[in-house]
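Participant:
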Amino acid sequence: MDLTQPLPALTQRQRIAFWCIAIVCAATRFLAMSRSLWDWDEALFCLGMRSFDITVHHPHPPGFPVYIALGRIVRTIIPNDFRALQAVNLIAGMLVFPAIFFLARELRFRFVTAAVAAALCAFFPNVWFYGGGAFSDIPSLVLVVFAVAFLFRGCRDANAYLIGAALLALAAGIRPQNFVIGLAPGAVATWYRARVAWRDVVFAALVGAITLGVAFGGAIAATGGYKPYFDAAKEHGEYITRVDSFRSPARPALWRLFDRFFVKQYQSLALSFLTSIFVAISVAGALGSRDRAIGWLVLTFGPFALLAWLMLDRYSINRFSIGYCPLFAILAADGIARVTRRWPRAEAWVGAVLIASFFGWTLPALAAVRSTVAPSVLAVEAVRDHLDIRSQQLFVARDMDPFFQYILPNQMYVHVLDKRAMPIAVDGRQPWILGEADERDHDGFVFHRERDRLWNIARRHYFDVGLMPARTSPQFLSGWSAPEQQGSLQLRSMSSHAAIGLPGSSGESLLWIQFRVPGSILVSHGMVTISLNGRVLDRFAAQPDDNDHEYHVAPAPNGATNLLELSVDGPLDARGIGLSLTCLSFGPE
539 MDLTQPLPAL TQRQRIAFWC IAIVCAATRF LAMSRSLWDW DEALFCLGMR
589 SFDITVHHPH PPGFPVYIAL GRIVRTIIPN DFRALQAVNL IAGMLVFPAI
639 FFLARELRFR FVTAAVAAAL CAFFPNVWFY GGGAFSDIPS LVLVVFAVAF
689 LFRGCRDANA YLIGAALLAL AAGIRPQNFV IGLAPGAVAT WYRARVAWRD
739 VVFAALVGAI TLGVAFGGAI AATGGYKPYF DAAKEHGEYI TRVDSFRSPA
789 RPALWRLFDR FFVKQYQSLA LSFLTSIFVA ISVAGALGSR DRAIGWLVLT
839 FGPFALLAWL MLDRYSINRF SIGYCPLFAI LAADGIARVT RRWPRAEAWV
889 GAVLIASFFG WTLPALAAVR STVAPSVLAV EAVRDHLDIR SQQLFVARDM
939 DPFFQYILPN QMYVHVLDKR AMPIAVDGRQ PWILGEADER DHDGFVFHRE
989 RDRLWNIARR HYFDVGLMPA RTSPQFLSGW SAPEQQGSLQ LRSMSSHAAI
1039 GLPGSSGESL LWIQFRVPGS ILVSHGMVTI SLNGRVLDRF AAQPDDNDHE
1089 YHVAPAPNGA TNLLELSVDG PLDARGIGLS LTCLSFGPE
């Protein structure tokens, strides 16, 4: 394979076939158009459209500045944050087929193989579904795929090299991880261009640097400066490392997650098995024949796939696998080509059957998001329509914060952790909790979305959300000061030891505590001890940030009251405070 040689021109029949398939793929993107926002990240992106500030996760770090900028450009035509971002995704979704086809052609795959790979990728359930909302994944994918395709073409064309560098910078302006994908194509293109004219390399580097400088410079300025921006980005990176990555003690071993990241990412067990067979055939054949096209493909997307396996949230694999799905789409198409090599006409038919199977499996799942308002939105609207603030007090669970802030930005509320929240203080009004529910919840105003196949495609959250009456309150037995209110946060402070009575619970239960400690405890490396019903659950050194701890516990038998005790070892602050409780949740899992 010689990347410096021009591609053979498409025949008229091939051009017609390309445009017919491209138009069909583009038209089907409308079938995934969500009627409303649904997921946490969509709400954060909409908040970022309104007021960009990554220190409060509007949106979350690093801010996706190019995605937000594209959304704001479209918003000049479509005066709605969600619809503007959705329009960006719609356009990107329409370009998935041309982008993958272009890349496969540049890697010298035959026309039929390139067309099968591109259509297959377009109809992967996650690619199709996430292209209809307000997520950054599909615009990011399309930009980086076009970028690497142009960079490969840049081995023989200076203009393509420059375009590829600019597109890679834009893709990194959505997600910096896209640099990992562009590294191998950029390196080989740069090596070829440097042999011809160094000025091409310098000019491309300058264009890329300016693009990134404008994107992230704007994000830094909108956030309030260099320090708050990078402090927020560092904190978010540490969170990912601590909670999501292979370093997290709660994360299963890497070998246990291998199949979920690289075999089952297609969401359908049967189609995952079938597609993986073709992928394995391609890899085996490429190793035997030393196929350079497959080698460049793996060098392009393989590092990001490994990074995702090592670092990213195992509960969001459906989304994160979008970043490396072109690798598996092209490998599967190549596997089909190798299997049908003796029967050339069979390649298109086998590919069409596999694509049609993905189409038929995914299409029914899209009906709910296309035709109904999401439970997360309906629950917030229930607050507006049914809550009387004169007689009812509102508590908003953390998982609903961004939706509430976006839809009802001026409504007062108290922050809690989840639907099991034990309000720290009730002011005499009836307490209601806005939070994620489950299929068993029916009290109040609870909204459900059918799971079915959608449960395997979307992130498994916000299928059940409600505005529910708070059932119980904790009993602050001893050692506690009067409650305080700080913005949307309630807190109670204690000295060295305090006790709380928690209501009875049945079966394994979740205890979730969030608190702060004063500087005097931190300086002395004071220890915090948490006990339930006389048994020590945890003992640890106090941390400077909000301490957030979850425990799966066996409650007291026969529905008896549970005794929660908190102790702090170390010098109290000037007010005699050793710990300030900010949130408490307890109840059945």
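As numbered in our numbering, residues 539 to 1127 make up the sequence shown, in order. Built from N, CA and C at the ideal position, the CB exists for glycine as well.
#1: What are the start and end residues of the beta strand (DSSP E) that includes Gly1125?
#2: Within 8 Å, do at least three Cβ pairs link the stretch 771-791 to the stretch 829-839?
#3: Lys983: buried (16+ other C-beta within 10 angstroms of its C-beta) or exposed?
#4: Tell me, to the nearest whole angstrom, how far the beta carbon of Gln931 is from that of Asp965; I am working on the premise that it is less than 8 Å.
#5: Should Thr779 go down as buried or exposed, given a rule of 16 or more other Cβ atoms within 10 Å for buried?
#6: Could you check whether Glu977 and His986 sit closer than 9 Å to each other, using their CB atoms as the reference points?
#7: What are the start and end residues of each continuous alpha helix (DSSP H) run of 4 or more residues lying completely inside the stretch 1061-1124, in chain order?
#8: DSSP three-state label for Met1006, please.
#9: What is the rounded straight-line gap between the Cα of Ala843 and the Cα of Ser572?
#10: Find out if the Cβ-Cβ distance for the pair Ser895, Leu848 is shorter than 9 Å.
#11: I'd like the list of long-range same chain contacts for Phe816, defined as Cβ closer than 6 Å, with 5 residues on each side in sequence excluded.
#12: Of all the alpha helix (DSSP H) runs that stay within the bounds of the stretch 678-719, which reach a length of 4 or more residues?
#13: With C-beta atoms as the reference, is Phe1001 less than 9 Å away from Leu972?
#14: Are three or more beta carbon pairs between the stretch 904-920 and the stretch 680-688 nearer than 8 Å?
#15: Alpha carbon to alpha carbon, what distance is there between Phe811 and Asn994?
#16: Secondary structure at Trp1018, three-state DSSP: helix, strand or coil?
#17: Pick helix, strand or coil for Val562, following the three-state DSSP scheme.
#18: To the nearest whole angstrom, what separates the beta carbons of Val602 and Ala760, a pair I think is in contact under 8 Å?
#19: Should Pro599 and Gly775 be called a contact, given that it needs their Cβ atoms to be closer than 9 Å?
#20: Of all the alpha helix (DSSP H) runs that stay within the bounds of the stretch 582-661, which reach a length of 4 or more residues?
#21: Does the beta carbon of Thr549 sit closer than 9 Å to a beta carbon anywhere in chain D?
#22: Confirm the yes/no value for this check: CB of Val612, any heavy atom of the ligand NAD, distance under 8 Å.
#23: Could you check whether Ala1079 and Gly1057 sit closer than 9 Å to each other, using their CB atoms as the reference points?
#24: Suppose contacts are defined by Cβ-Cβ distances below 9 Å. Is Leu679 in contact with Ala630 by that definition?
#25: Comparing C-alpha positions only, which one of Trp578, Asp540 and Ala547 sits nearest to Phe942?
#26: If you draw a straight line from the alpha carbon of Trp887 to that of Ala710, how long is it in whole angstroms?
#27: What is the rounded straight-line gap between the Cα of Arg929 and the Cα of Tyr767?
#28: Secondary structure at Pro499, three-state DSSP: helix, strand or coil?
#29: What does a CB cutoff of less than 6 Å around Ala824 pick up in its chain, not counting 5 residues either side in sequence?
#30: Only counting the same chain, and skipping five residues up and downstream in sequence, which positions put a Cβ closer than 8 Å to that of Ser1047?
#31: For Met1032, which residues does DSSP report across the bridge?
#32: Tell me which same chain residues have a C-beta within less than 6 Å of the C-beta of Thr1010, skipping the five on either side of it?
#33: Hey, out of Trp899, Phe1053, Gly1108 and Leu946, whose CA is closest to Ala808's CA?
#34: Measuring only the C-alpha atoms, how far is Asp1076 from Glu1103?
#35: Is it the case that the Cβ atoms of Ser1136 and Ser1118 are separated by a distance below 9 Å?
#36: Excluding the 5 residues flanking Gly746 on each side, which residues of the same chain have their C-beta closer than 7 Å to its C-beta?
Facilitator: Taking the geometry as given:
#1: Leu1117 to Pro1126
#2: no
#3: Note that residue 983 is Phe in the sequence shown here, rather than Lys. Phe983 should be labelled buried.
#4: 6 Å
#5: exposed
#6: yes
#7: none
#8: strand
#9: 28 Å
#10: no
#11: Ala870, Gly873 and Ile874
#12: 696-712
#13: no
#14: no
#15: 15 Å
#16: strand
#17: helix
#18: The amino acid occupying residue 602 in the given sequence is Phe; Val does not appear at that position. Actually they are not in contact, since the Cβ atoms of Phe602 and Ala760 sit about 12 Å apart, beyond 8 Å.
#19: yes
#20: 603-613, 619-632, 634-644 and 649-660
#21: In the structure shown, chain D does not exist; there is a single protein chain.
#22: Here there are no bound small molecules, and the ligand NAD is not part of this structure.
#23: no
#24: yes
#25: Trp578
#26: 37 Å
#27: Reading the sequence as shown, one finds Ser at residue 929 and not Arg. Cα-Cα distance, rounded: 41 Å.
#28: Residue 499 lies beyond the range of the chain shown here (539 to 1127); nothing can be said about it.
#29: Ile832
#30: His1090, Val1091, Ala1092, Pro1093, Phe1124, Gly1125, Pro1126 and Glu1127
#31: Trp1018 and Leu1117
#32: Pro1041
#33: Trp899
#34: 11 Å
#35: Since the first residue of the chain shown is 539 and the last is 1127, residue 1136 is not available in this structure.
#36: Ala703, Ala704, Leu706 and Ala707
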